[in-house]
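*Asks:*
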Amino acid sequence: RPAVWLRALSTFGATISVAPNFGYGLAAEKVKEEQIEGVDLSSWRVALCGAEPVVPRVMRRFIDRFTPYGLRPEALTPVYGMSEATLAVTFSDLRSPFVSRCFDREALSRDERAVEAADGIELVSVGRPIAGTEVRVVDGNGVELEEGSVGDVFVRGPSIMDGYFNRPEATREAIEDGWLDTGDRGFFDAGELF
10 RPAVWLRALS TFGATISVAP NFGYGLAAEK VKEEQIEGVD LSSWRVALCG
60 AEPVVPRVMR RFIDRFTPYG LRPEALTPVY GMSEATLAVT FSDLRSPFVS
110 RCFDREALSR DERAVEAADG IELVSVGRPI AGTEVRVVDG NGVELEEGSV
160 GDVFVRGPSI MDGYFNRPEA TREAIEDGWL DTGDRGFFDA GELF
């Protein structure tokens with residue numbers, strides 16, 4: 010019942026709320042006009058979107074659908090995080106609309122360089138590492154790759170877990186020298202993680 014979420018944001022003048030990409034898509038698709046009559050989303054300053062891949066068309070659809078209710082386009086903020094990092098790893102700029110670009114799908118699937126292509130797959134930047142957190146992209150041998158190269162995403166910082174409870178083998182597989190292997194693939198472009 011995504012209309013309840015939007016009505017609560019309006020009623021309480023909420024400034025920050027979080028949802029996965031699916032939640033934004035569901036709201037844009039399912040909320041009927043009569044369910045949100047009188048809703049004012051102008052107090053919503055930070056609409057974090059993470060926990061799963063962020064899809065640009067879903068973000069645009071949500072913005073288009075709820076801008077008439079006071080939603081500021083720059084409120085939608087793609088982020089990257091995970092439980093093992095006590096959540097936050099990267100944040101997009103909170104003052105600007107989200108950034109997306111199209112990249113050659115074949116080059117990405119072959120783990121090559123991320124090459125911009127007008128007819129490629131559109132990806133959303135999830136921003137830059139938060140203060141005190143380091144993110145690097147490495148090859149299969151753990152060698153850090155240069156910007157624009159596709160590889161495995163590793164994270165290190167003060168909020169990274171010490172290990173999995175009573176699972177030392179899983180911990181050894183996930184953490185090496187303080188670096189957490191996220192299990193995700195990505196690349197940096199202009200200092201932002203995609």
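Using our numbering, the first residue of the sequence shown is number 10, and each one after it goes up by one.
For glycine and all other residues, C-beta sits at the position ideal for the given N, C-alpha and C.
Just so we're clear, the structure is a prediction, and the values are computed from it rather than from any experiment.
Please report the distance separating the alpha-carbon of A123 from that of S158.
*Replies:* Each residue's Cα considered, the two are about 6 Å apart.
*Asks:* I'd like the span of the alpha helix (DSSP H) that includes L35, first residue to last.
*Replies:* It spans 30-39 - the alpha helix (DSSP H) in which L35 sits, taken as one unbroken run.
*Asks:* Am I right that L15 and A56 are in contact with their C-beta atoms under 8 Å? What's the rounded C-beta distance?
*Replies:* The pair is not a contact, with the Cβ atoms about 11 Å apart (cut-off 8 Å).
*Asks:* Since L15 is in the alpha helix (DSSP H), which residue starts that stretch and which ends it?
*Replies:* Start and end: 11-21.
*Asks:* Quick check on DSSP: helix, strand or coil for I169?
*Replies:* Note: I169 maps to coil in three-state DSSP.
*Asks:* Would you kindly work out how many angstroms separate the C-alpha atoms of T142 and E46, rounded to a whole number?
*Replies:* For T142 and E46, the distance between alpha carbons rounds to 42 Å.
*Asks:* Quick one: is E42 buried, meaning 16 or more other Cβ sit within 10 Å of its Cβ, or exposed?
*Replies:* Result: exposed.
*Asks:* Can you give me the start and stop residues for the alpha helix (DSSP H) that R181 sits inside?
*Replies:* From DSSP, the alpha helix (DSSP H) with R181 extends over 177-183.
*Asks:* For P167, which residues from the same chain have a beta carbon less than 7 Å from its beta carbon, with the 5 sequence-adjacent residues on both sides left out?
*Replies:* Same-chain partners within the cutoff: G141.
*Asks:* Starting from V67, trace the alpha helix (DSSP H) both ways and give me its first and last residue.
*Replies:* Note, V67: alpha helix (DSSP H), 65-75.
*Asks:* Between which two residues does the beta strand (DSSP E) carrying S109 extend?
*Replies:* Looking at the DSSP string, the run of the beta strand (DSSP E) that includes S109 is 109-112.
*Asks:* Taking DSSP as the reference, what is the three-state secondary structure of S158?
*Replies:* Strand at S158.
*Asks:* Give me, in chain order, the residues of the same chain whose beta-carbon lies closer than 6 Å to that of D102; leave out the 5 immediate sequence neighbours on both sides.
*Replies:* Closer than 6 Å at Cβ, skipping near neighbours: no residue.
*Asks:* If you draw a straight line from the C-alpha of S26 to the C-alpha of S134, how long is it?
*Replies:* Near 19 Å, if we compare the C-alpha coordinates of S134 and S26.
*Asks:* Taking the DSSP output, what are the residues bridged to F174?
*Replies:* In DSSP, F174 forms no bridge with anything.
*Asks:* Just curious, the beta strand (DSSP E) that T142 is in, first and last residue?
*Replies:* Where T142 is concerned, there is no enclosing beta strand (DSSP E), given that its DSSP letter is neither H nor E.
*Asks:* Can you round the beta-carbon distance between F203 and L132 to whole angstroms, since I take them to be within the 8 Å contact cut?
*Replies:* Yes, F203 and L132 are in contact; Cβ-Cβ is about 5 Å, under 8 Å.
*Asks:* Whose CA, out of R81, A23, G34, G79, lies closest to the CA of P65?
*Replies:* Ranking R81, A23, G34, G79 by Cα distance to P65 puts G34 first.
*Asks:* Among A37, G172, G79, P11, whose alpha-carbon lies nearest the alpha-carbon of R54?
*Replies:* Ranking the options by Cα distance to R54, first place goes to G79.
*Asks:* Restricting to Cα atoms, I'd like to know which of V164, A116, D120 is closest to P138.
*Replies:* It is V164 whose Cα lies nearest to the Cα of P138.
*Asks:* Based on DSSP bridge pairs, tell me the residues matched to S26.
*Replies:* S26 pairs with A56.
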